[in-house]
Structures are given as C-alpha cells and as structure tokens.
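Q: Okay, here's the structure, questions in a sec.
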Amino acid sequence: TQLLEQSPQFLSIQEGENLTVYCNSSSVFSSLQWYRQEPGEGPVLLVTVVTGGEVKKLKRLTFQFGDARKDSSLHITAAQPGDTGLYLCAAPAETSGSRLTFGEGTQLTVNP
Amino acid sequence: GAVVSQHPSWVICKSGTSVKIECRSLDFQATTMFWYRQFPKQSLMLMATSNEGSKATYEQGVEKDKFLINHASLTLSTLTVTSAHPEDSSFYICSASSFLNEQFFGPGTRLTVL
Chain Z
18 TQLLEQSPQF LSIQEGENLT VYCNSSSVFS SLQWYRQEPG EGPVLLVTVV
68 TGGEVKKLKR LTFQFGDARK DSSLHITAAQ PGDTGLYLCA APAETSGSRL
118 TFGEGTQLTV NP
Chain S
42 GAVVSQHPSW VICKSGTSVK IECRSLDFQA TTMFWYRQFP KQSLMLMATS
92 NEGSKATYEQ GVEKDKFLIN HASLTLSTLT VTSAHPEDSS FYICSASSFL
142 NEQFFGPGTR LTVL
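Taken in order, these protein sequences are the chains called Z and S. Everything in the first sequence is counted per my numbering, starting at 18 for the first residue and increasing by one. Everything in the second sequence is counted per my numbering, starting at 42 for the first residue and increasing by one.
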C-alpha cells in the first residue's frame with residue numbers, strides 16, 4: 018500500500034521565518050503534486066513535479082522532487098500570514114493513475 | 042487552471058432527509074470525477090471514483106447505498122447522501138481529472154445534519 022508521510026503535521030511560526038515541509042514514501046512515483054487548502058475551501062494545486070531532482074519555484078515557495086522520486090519537500094522563505102493553510106502532497110495511486118494518494122497534511126499557521 | 046464548481050456550498054438538513062450535491066467542471070470535460078470527505082484539520086479521504094456513463098467505484102468502507110453517485114455527463118457528477126444522520130456531517134469535496142491526471146478541486150460543500 019502506498020503511503021505518503023508528511024511532516025511536520027502542525028507548524029506554527031512567526032512572520033518572516035523560513036520553513037520546510039516534507040513528504041516521504043517508500044514507493045516511487047511518476048509525479049507528485051502539492052496543494053494548499055484554506056478553511057472552508059477546496060485544495061488548490063500549487064505545483065506538479067515530474068522529474069527526479071527537479072526544483073520548481075513559485076515566488077517564495079520552492080518545491081523539490083527527490084532524485085529517486087520517493088520524496089519531496091516544500092520550502093517557504095519569509096513566511097507571511099497569507100501562507101497559513103493546510104498543505105497536502107499527493108501522488109498518483111499505483112492502481113490507477115487518475116486516483117491520488119494524499120499525505121496527512123501539514124497545518125501551517127503564520128502569526129503576524 | 043481548470044474550474045470546478047460545487048453546489049450548494051453549505052446545507053443544513055434534518056436527520057432522515059436526503060441531500061444532493063452537484064459537482065461541475067466548468068471549462069473542461071472530465072471523464073473522471075472524485076468525491077472526498079474531509080474532517081476538520083485532516084486530509085482528504087477518497088469516497089468514490091465516478092466515471093461518466095458507468096457505475097462509481099467506491100472505496101472500502103463507503104456504503105454505496107448511502108452515498109449515491111451519478112455521473113451523467115462529462116461535466117456533471119452528483120453525490121446524494123440518503124437518509125442523512127448527524128454522523129454524516131462533514132465537508133464534502135469533489136474533483137475533476139484532466140487528461141494529464143491532475144485533479145482540480147471544487148470549493149467543497151459543508152453538510153450539517155441536525
């Protein structure tokens with residue numbers, strides 16, 4: 018069974034600090050996605066990484082896909098209160114490429 | 042990105058009644074849609090996979106007679122919670138899959154059963 022382990026589960030930091038969220042698995046994935054979800058809304062796709070070792074930047078967010086395509090990280094520089102939300106990593110399920118396996122999520126709170 | 046809508050955004054109903062939630066892909070055709078359930082501060086739990094024109098595939102532990110799914114067109118899937126009870130209260134989210142297998146999520150529906 019594929020499992021995506023996210024850490025930390027909860028993170029509360031001050032505005033301006035940096036943080037990293039990790040998404041790890043023992044399985045190899047063809048791709049991996051990161052979503053952010055705000056309370057009362059659906060998840061919004063931030064990025065899809067496909068190639069091992071790939072690094073993608075989205076303003077202050079940097080996403081990395083591990084060389085072996087088993088893990089990924091999300092780094093936020095100079096966090097702002099607007100970054101507050103639930104961050105989810107997801108990857109295609111083994112049994113069906115269109116189904117996604119989700120990590121448990123990281124609840125980030127950035128205090129002003 | 043692709044737009045997926047859900048209706049209603051929230052609903053309050055009495056125990057024993059049925060509630061229908063609609064999920065629409067507004068600017069693309071989705072052969073596959075997914076229905077998730079989410080509890081506060083937790084990740085999404087897949088309930089079922091809905092394919093246009095065929096029966097939905099339910100995840101283990103999800104009662105197909107309680108959560109009726111219909112996917113009559115490439116842009117519309119519906120989830121009906123039948124004979125709802127307070128334990129069915131939750132945040133229900135749908136998503137639609139693109140040809141790249143990326144999923145685009147609806148804004149969710151908050152169901153409260155009294």
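Where a beta carbon is used, it is the ideal one built from N, C-alpha and C, also for glycine.
Nearest-angstrom Cα distance between Asn35 (chain Z) and Ile134 (chain S)?
A: Asn35 (chain Z) and Ile134 (chain S): Cα-Cα distance of roughly 31 Å.
Q: Buried or exposed: which applies to Arg77 (chain Z), given that a residue is buried once 16 or more other Cβ atoms fall within 10 Å of its Cβ?
A: So Arg77 (chain Z) ends up on the exposed side.
Q: Note down the Cα distance separating Val154 (chain S) from Glu71 (chain Z), rounded to an integer number of angstroms.
A: One C-alpha to the other measures close to 45 Å.
Q: Indicate the three-state DSSP secondary structure (helix, strand or coil) for Glu63 (chain S) in the structure shown.
A: Strand, per DSSP.
Q: Any beta carbon of chain S sitting closer than 7 Å to that of Phe119 (chain Z)?
A: Yes - at least one Cβ of chain S is within 7 Å of the one on Phe119 (chain Z).
Q: Note down, in chain order, all residues in the region 55 to 88 of chain Z with a beta-carbon under 8 Å from any beta-carbon belonging to chain S.
A: Taking 8 Å as the Cβ-Cβ cut-off against chain S, the residues of the region 55 to 88 of chain Z that qualify are Gly57, Glu58, Gly59, Pro60, Val61, Leu62 and Thr65.
Q: Give a yes or no on whether the minimum CB-CB distance between Ser84 (chain S) and chain Z is below 7 Å.
A: Ser84 (chain S) counts as touching chain Z.
Q: Taking Cβ to Cβ, would you say Arg65 (chain S) is nearer than 7 Å to Leu117 (chain S)?
A: Contact: yes.
Q: With Asn41 (chain Z) as the anchor, note down where its beta strand (DSSP E) starts and where it stops.
A: Note, Asn41 (chain Z): beta strand (DSSP E), Leu36 to Asn41.
Q: Take every Cβ of the region 43 to 63 of chain S, pair it with every Cβ of the region 110 to 126 of chain Z, and state whether three or more of those distances are shorter than 8 Å.
A: Flag = no, the region 43 to 63 of chain S and the region 110 to 126 of chain Z do not touch.
Q: So, helix, strand or coil for Pro60 (chain Z), using DSSP?
A: In this structure, Pro60 (chain Z) counts as coil in the three-state DSSP scheme.
Q: Find the residues of chain S that neighbour Leu105 (chain Z), judging by a C-beta separation of less than 9 Å, and give them in chain order.
A: Those are Ser84 and Leu85, listed as they occur along chain S.
Q: Under the three-state reduction of DSSP, which class applies to Asp100 (chain Z): helix, strand or coil?
A: Reduced to three states, the DSSP call for Asp100 (chain Z) is helix.
Q: As a quick exercise: from S:Val52, S:Gln79 and S:Ser95, pick the residue whose alpha carbon is nearest that of Met88 (chain S).
A: The residue with the shortest Cα to Cα distance from Met88 (chain S) is S:Gln79.
Q: Would you please verify whether the beta carbon of Ser115 (chain Z) is less than 7 Å from any beta carbon of chain S?
A: Yes - at least one Cβ of chain S is within 7 Å of the one on Ser115 (chain Z).
Q: If contact means a Cβ-Cβ distance below 7 Å, which residues of the region 124 to 144 of chain S contact chain Z?
A: The residues in question are Ile134, Ser138, Asn142, Glu143 and Gln144.
Q: Quick check on Gln31 (chain Z): buried or exposed, where buried means 16 or more other Cβ atoms within 10 Å of its Cβ?
A: So Gln31 (chain Z) counts as exposed.
Q: Does the distance from the CB of Gln50 (chain Z) to the CB of Thr37 (chain Z) come in under 7 Å?
A: Cβ atoms of Gln50 (chain Z) and Thr37 (chain Z): not closer than 7 Å.
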